[in-house]
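J.:
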Amino acid sequence: MIRGACHCGTITFRIEENPDFLVECNCSICRRLAAWWVHSPPNETLTLNIPEGATDVYSYGDKSLAFHRCTSCGCVTHWQSLFDSRIAVNCRLAYPKDIKGIRIRHFDGAGRWEWLD
Ligand SMILES: [Zn+2]
Numbered sequence: 013m014i015r016g017a018c019h020c021g022t023i024t025f026r027i028e029e030n031p032d033f034l035v036e037c038n039c040s041i042c043r044r045l046a047a048w049w050v051h052s053p054p055n056e057t058l059t060l061n062i063p064e065g066a067t068d069v070y071s072y073g074d075k076s077l078a079f080h081r082c083t084s085c086g087c088v089t090h091w092q093s094l095f096d097s098r099i100a101v102n103c104r105l106a107y108p109k110d111i112k113g114i115r116i117r118h119f120d121g122a123g124r125w126e127w128l129d
């Protein structure tokens, strides 16, 4: 199980089943956020606790993804697709012991759109 929270603790999440890996992407936004994503964990395994109005949203380009950040502490917690059910949770916000040992895979989102490992 992976548990995490933004810095101020307003937003919390839990992923019941550990993923095989976390994703570090080099695209224009991911490299700036330095996120470690878990992409679309099965719905029943993900709990995202977001109080009403607790996030601001950033979207760019074709506006297909909404990046959510805590309005209080600014941590980027997740993104959600605006067109389908895809979601990714930022496990940089996870408790270190919960993600210890989980492989980090590097994705070339800036270039060839393929794994770099
Ligand atoms: Zn916060």
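Note that my numbering has the sequence shown beginning at 13, numbered continuously upward.
For glycine and all other residues, C-beta sits at the position ideal for the given N, C-alpha and C.
Computed from a predicted structure; not experimentally measured.
(1) Does the beta carbon of S40 fall short of 8 Å from some heavy atom of ligand 1?
(2) Given a threshold of 16 other Cβ atoms within 10 Å of its Cβ, counted over all protein chains shown, does V69 qualify as buried or as exposed?
(3) Who are the Cβ neighbours of H90 in its own chain at under 7 Å, not counting the five residues just before and after it?
(4) If I measure Cβ to Cβ from R43 and keep anything under 6 Å in the same chain, skipping five residues before and after, which residues do I get?
(5) Give the range of the alpha helix (DSSP H) segment to which R44 is assigned.
(6) Whose C-beta lies closer than 7 Å to the C-beta of A46 among residues of the same chain, with five residues either side of it excluded?
(7) Less than 9 Å between the beta carbons of S97 and N55, yes or no?
(8) Can you tell me which of the three DSSP states E36 falls into?
(9) Using a threshold of 8 Å, is the CB atom of H198 nearer than that to any non-hydrogen atom of ligand 1?
(10) Under 6 Å Cβ to Cβ from W49, same chain only, skipping five residues before and after it: list those, please.
(11) Would you mind working out which of P31, F119 and N38 sits nearest S52, comparing C-alpha positions?
(12) Let me know the secondary structure DSSP gives N61 once reduced to three states.
T.: If we stick to the structure as given:
(1) no
(2) exposed
(3) L60, H80, I99, A100, V101 and N102
(4) none
(5) C42 to L45
(6) R104
(7) yes
(8) strand
(9) The requested residue 198 does not occur in the structure, where the chain is confined to residues 13 to 129.
(10) V35 and A100
(11) P31
(12) strand
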